Amino acid sequence: MSDMLSSGNHRLDCSKSSIKSVLIVLLFLCPFNIYSQNDSTQWFPSAELYPLLEYDLLEVQPYSGIFFLESSEIEYDGVYIPVNIGYRKSFIRWNMLAMQFEFAFGAASYTQFEIIKYDQNTLRGGLINTDFKASGYLFAAKGPHKFRLQLFHISSHLGDDYILRNQEYNLNDKSVNYEQIDLIYLYGFQNSDLYIGLGQVISPNAFRKRFMAQAGFQGGFPLRLKKDLSLGLDMKIYEENNFQPDFHAGIGITFIQRDRQQLNVSMDTFYGSLPYSTLDFGRVFWLGPSIKIFL
């Protein structure tokens, strides 16, 4: 037992050390004379330098949907309901080398519920899982060219309802407890964005294969009466999933007030490995309505 505790403490210490090292690198990317350039430094800017990746299911934004789900591994007779609560806030922006830079923090919880057919006359709802994410960001931009360096921690926790109903009494799988760093390049057009990037798990002794890649498109095209036609596609490839691509896409209407996005209602579809939890449903497909709130 003492050996197991010692090993666990060693992994925790290594993980903390790794995070500290990356944060130190990010801090040194700031100009040393940032405080002397008051005319080019903004605290808590109202508009962020880098847009949210709206179709990334691990973005830190409020999002929910009711989806009919099919799985290659299990028979699923019900609806799958993800409820995401997230927020990102920039706290300082400055100019350097004819570019703009910005630091931001974000946090999110990704909770999944289900309503399944229990018997001929009964539906049963329950909590499946909750993932938690904490992120730090460095943004850089020059004209339409934008970069996002993200360092985040994520952890996954099976819900009590799922554990009791499925007799999942074993220790929780640790493959979705990790730290990752990724760099995304985005090119902004007038009404749309294209992006591509790479990521790497940096946790020492991770229970997860390390490489990932991501690419996508998102756009909003004016209609009338403060509404946009919105559509997008996000694709991710994880070494953890044997490099099989995951796709999330949607099309819908975004409502605009005071020249800002407020609410999006879309028809969403996803194909790939579950983006949340440690549960293995094989390759899944879902389709259904969703909403996003822009804070």
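By the count of the numbering used here, the sequence shown reaches residue 297 at its end, each step adding exactly one.
A virtual CB, placed ideally from N, CA and C, is assigned to each residue, including glycine.
All of these numbers come straight from a predicted model, not from anything done at the bench.
Sequence-distant residues of the same chain with beta carbon closer than 6 angstroms to residue i, five excluded per side
| i | result |
| --- | --- |
| GLU61 | LEU54, LEU55 |
| VAL203 | TYR180, GLN182, ARG210, ARG212 |
| SER73 | PHE283, GLY284, VAL286 |
| LEU231 | PHE223, LEU225 |
| ALA251 | LEU235, THR271 |
| GLU242 | ARG210, LYS211 |
| ALA215 | LEU200, ILE239 |
| TYR112 | ASN86, ASP133, TYR278 |
| ALA208 | TYR180 |
Of the residues the options, the one placed nearest residue i, counting alpha carbons only
| i | options | result |
| --- | --- | --- |
| LEU227 | SER66, ILE253, ILE258 | ILE258 |
| TYR82 | ALA142, ILE76, PHE70 | PHE70 |
| ASP58 | TYR278, PRO291, LEU297 | TYR278 |
| HIS159 | SER177, GLN152, ALA251 | SER177 |
| LEU166 | GLY218, ASP184, ASN131 | ASN131 |
| SER157 | PHE134, ASN168, LEU151 | PHE134 |
| GLN152 | GLY108, GLU75, PHE93, ILE253 | GLY108 |
| MET237 | PHE105, ASP270, GLY274 | GLY274 |
| ILE239 | PRO206, ASN207, LEU276, TYR164 | LEU276 |
| LEU297 | LEU51, ASP162, TYR89 | TYR89 |
| PHE191 | PRO206, LYS148, ALA208 | LYS148 |
| LEU51 | GLN114, TYR112, ARG150 | ARG150 |
Length of the line joining the Cα atoms of residue i and residue j
| i | j | result |
| --- | --- | --- |
| ARG212 | LEU200 | 11 angstroms |
| ASN193 | PHE249 | 22 angstroms |
| LEU289 | ILE68 | 8 angstroms |
| PRO47 | LYS144 | 17 angstroms |
| SER85 | ARG95 | It is Val, not Ser, that sits at residue 85 in the sequence shown. Answer to the nearest angstrom: the Cα atoms are 31 angstroms apart. |
| GLU116 | ALA110 | 20 angstroms |
| ASN266 | TYR65 | 9 angstroms |
| TYR139 | ALA217 | 18 angstroms |
| PRO146 | ASP184 | 20 angstroms |
| GLY234 | GLY221 | 6 angstroms |
| ARG262 | ILE186 | 24 angstroms |
| GLN44 | PHE154 | 24 angstroms |
| LEU129 | ILE76 | 18 angstroms |
| GLN87 | TYR197 | The question names Gln, but residue 87 in the sequence shown is Ile. So the two alpha carbons sit approximately 23 angstroms from each other. |
| LYS229 | ILE255 | 7 angstroms |
| PHE141 | GLY161 | 35 angstroms |
| PHE103 | LEU188 | 15 angstroms |
| ILE253 | TYR164 | 31 angstroms |
| ASP195 | ASN168 | 42 angstroms |
| ILE293 | SER137 | 23 angstroms |
| SER42 | GLN63 | 29 angstroms |
| PRO247 | PHE219 | 15 angstroms |
| ALA49 | GLN114 | 30 angstroms |
Contacts around residue i, its chain only, beta-carbon distance under 7 angstroms, and the 5 residues preceding and following it disregarded
| i | result |
| --- | --- |
| GLN122 | none |
| LYS119 | ASP79, GLY80, LEU125 |
| HIS100 | Correcting the residue identity first, residue 100 is Ala in this sequence and not His. Closer than 7 angstroms at Cβ, skipping near neighbours: LYS144. |
| ASP175 | THR280 |
| GLN264 | PHE257, ILE258, PHE296 |
| PHE245 | ILE239 |
Bridge partner(s) assigned by DSSP for residue i
| i | result |
| --- | --- |
| ARG262 | GLN259 |
| GLY67 | SER292 |
| ALA106 | SER92, TYR139 |
| PHE115 | ILE83, LEU129 |
| ASN97 | GLN102 |
| PRO247 | ILE239 |
| ILE253 | LEU233, MET269 |
Beta-carbon proximity list for residue i, same chain, < 8 angstroms, skipping 5 on both sides
| i | result |
| --- | --- |
| VAL27 | Confidence in VAL27 is poor, its pLDDT being 46 and thus under 50, which makes the residue's placement unreliable; the coordinate value appears in the next sentence. Counting only Cβ-Cβ distances below 8 angstroms, and skipping sequence neighbours, we find nothing. |
| PRO291 | GLY67, ILE68, VAL267, SER268, MET269, ASP270 |
| LYS91 | PHE46, ALA106, PHE107, GLY108 |
| PHE93 | TRP45, PHE46, PHE105, ALA106, PHE107 |
| task | May I have a chain-ordered list of the beta strand (DSSP E) segments no shorter than 3 residues that lie completely inside the region 214–240? | result | 229–240
| request: Would you list, in sequence order, the uninterrupted alpha helix (DSSP H) runs of no fewer than 4 residues that lie entirely inside the region 126–207? | output: 162–168
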